[in-house]
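K.L.:
Numbering (this note's numbering), first residue to last: 526 to 793.
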Ligand code: PGA
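Here it is, written out as structure tokens:
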């Protein structure tokens with residue numbers, strides 16, 4: 526995977542109140558202090574993506590429980606609106622997230638697409654807004670089961686990447702993170718096999734190189750997401766094309782998430 530950094534992102538989705546979120550960070554800090562005795566041999570960054578309501582509390586809790594020997598921990602939002610401010614009831618902008626100390630933002634998650642009408646046309650505006658305000662976008666793409674069965678996986682990935690990244694300049698490529706999340710694997714307990722994920726990741730890499738050229742196309746980390754657990758983390762991360770993971774269900778339990786992080790800290 527060359528010089529690319531390994532990233533493990535915990536997407537809390539619509540879970541945890543403020544007090545639960547703070548309790549989680551305290552417990553995770555405690556577990557990481559024990560699990561990571563020295564600096565990790567792998568360049569890893571941990572990212573927590575709580576709901577908007579808990580972002581501020583999570584950022585303060587992270588500052589309160591520094592982990593000198595553990596990998597850096599950053600906060601991410603689960604969504605962003607593309608305008609900076611205005612009459613957009615219910616929306617949250619990139620400057621607001623930046624002000625809270627966010628470093629990342631998840632964009633185009635399949636649940637946003639399925640339940641809230643998001644498309645590649647909205648993802649492109651969100652990616653551009655994130656980059657404009659120095660937030661790293663984590664762009665989620667992936668095919669449904671029907672699309673996979675119909676042999677359309679590559680076509681779907683190409684369309685999603687081409688439109689969603691159309692506003693990204695070559696010199697911004699290093700800020701972008703891609704999450705390959707086959708829709709059928711999310712929350713299903715049936716992850717893609719390392720072989721299936723590796724094939725998709727290789728294909729995504731060729732598309733990134735086609736968009737940005739060889740060097741810039743090599744820089745964006747490509748994460749795998751969909752039913753990642755402590756039991757399958759090792760084999761997924763051992764796949765050379767997989768630069769990290771976007772974890773949903775298993776990141777809600779600090780013990781499971783710390784286990785995943787400890788596995789991710791060791792070279793494969
Ligand atoms: P899951 O969710 O790990 O629960 O499958 C992953 C995601 O939706 O990002």
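Positions of the beta carbon are idealized from the N, C-alpha and C atoms, including for glycine.
Beta-carbon within less than 8 Å of residue 782's beta-carbon, same chain only, minus the 5 sequence neighbours each way: which residues are those?
P.N.:
Mapped onto the chain shown, residue 782 falls at position 257. The beta carbon of residue 782 is closer than 8 Å to those of 535, 553, 772, 775 and 776 in its chain, skipping five residues each way along the sequence.
K.L.:
So, helix, strand or coil for residue 662, using DSSP?
P.N.:
Start at 1 with the first residue of the chain shown, and residue 662 comes out as number 137. The answer is strand: DSSP assigns residue 662 an E or B state.
K.L.:
What residue from 543, 613, 723 and 622 has the CA that sits closest to residue 766's CA?
P.N.:
By 1-based counting over the chain shown, the position of residue 766 is 241. Looking at the Cα atoms, 723 is the closest of the given residues.
K.L.:
Roughly how many angstroms lie between the CA atoms of residue 768 and residue 762, to the nearest whole one?
P.N.:
Start at 1 with the first residue of the chain shown, and residue 768 comes out as number 243. Start at 1 with the first residue of the chain shown, and residue 762 comes out as number 237. Cα-Cα distance, rounded: 7 Å.
K.L.:
At which residues does the beta strand (DSSP E) containing residue 703 begin and terminate?
P.N.:
Here residue 703 corresponds to residue number 178 of the chain shown, with the count starting at 1. Element bounds for residue 703: 702-705.
K.L.:
Any idea what DSSP makes of residue 590, helix, strand or coil?
P.N.:
Within the chain shown, residue 590 is the residue found at index 65, counting from 1. Three-state result, residue 590: coil.
K.L.:
Relative to the C-alpha of residue 711, which residue among 670, 595 and 742 is closest?
P.N.:
In the chain shown, the residue the question calls residue 711 occupies position 186. The option with the nearest alpha carbon to residue 711 is 670.
K.L.:
Taking residue 700 as the reference, give the member of 609, 744 and 785 with the closest Cα.
P.N.:
Within the chain shown, residue 700 is the residue found at index 175, counting from 1. Checked all of 609, 744 and 785; the closest Cα to residue 700 is 744.
K.L.:
Using the C-alpha atoms, what's the distance from residue 654 back to residue 567?
P.N.:
Position 42 of the chain shown holds residue 567. Position 129 of the chain shown holds residue 654. If I take the Cα positions, the gap works out to 31 Å.
K.L.:
Relative to the ligand PGA, is the shortest distance from any of its heavy atoms to the C-beta of residue 676 smaller than 7 Å?
P.N.:
Along the chain shown, read from residue 1 onward, the residue named residue 676 stands at position 151. No heavy atom of the ligand PGA is found nearer than 7 Å to the CB of residue 676.
K.L.:
Check for me: the beta strand (DSSP E) holding residue 545 runs from which residue to which?
P.N.:
Walking along the chain shown from the start, residue 545 turns up at place 20. Careful: residue 545 lies outside any beta strand (DSSP E), inside the alpha helix (DSSP H) at 543-560.
K.L.:
Does the Cβ-Cβ distance between residue 758 and residue 770 come in under 8 Å?
P.N.:
Start at 1 with the first residue of the chain shown, and residue 758 comes out as number 233. Start at 1 with the first residue of the chain shown, and residue 770 comes out as number 245. In this structure, residue 770 lies closer than 8 Å to residue 758 by Cβ.
K.L.:
Can you give me the C-alpha to C-alpha distance between residue 685 and residue 557, rounded to a whole angstrom?
P.N.:
Reading the chain shown from its first residue, position 160 is the one you call residue 685. Reading the chain shown from its first residue, position 32 is the one you call residue 557. Those two C-alpha atoms are separated by around 36 Å.
K.L.:
Assuming residue 723 is part of the beta strand (DSSP E), what are its boundary residues?
P.N.:
Along the chain shown, read from residue 1 onward, the residue named residue 723 stands at position 198. Unbroken run through residue 723 is the alpha helix (DSSP H), 719-737; no beta strand (DSSP E).
K.L.:
Please confirm whether residue 575 has its beta-carbon closer than 8 Å to some beta-carbon of chain C.
P.N.:
The structure shown contains no chain C; it holds only a single protein chain.
K.L.:
From this set, 657, 627, 640 and 569, which residue's C-alpha is nearest residue 609's C-alpha?
P.N.:
On the chain shown, position 84 is the one that residue 609 refers to. Ranking 657, 627, 640 and 569 by Cα distance to residue 609 puts 657 first.
K.L.:
Among 678, 647, 708 and 571, whose alpha-carbon lies nearest the alpha-carbon of residue 692?
P.N.:
Working through the chain shown from its first residue, we reach residue 692 at position 167. That would be 647, whose Cα lies nearest to the Cα of residue 692.
K.L.:
Could you give the DSSP three-state label for residue 711: helix, strand or coil?
P.N.:
As a first step, residue 711 is located in the chain shown; it is residue number 186 there, counting from the start. In this structure, residue 711 counts as coil in the three-state DSSP scheme.
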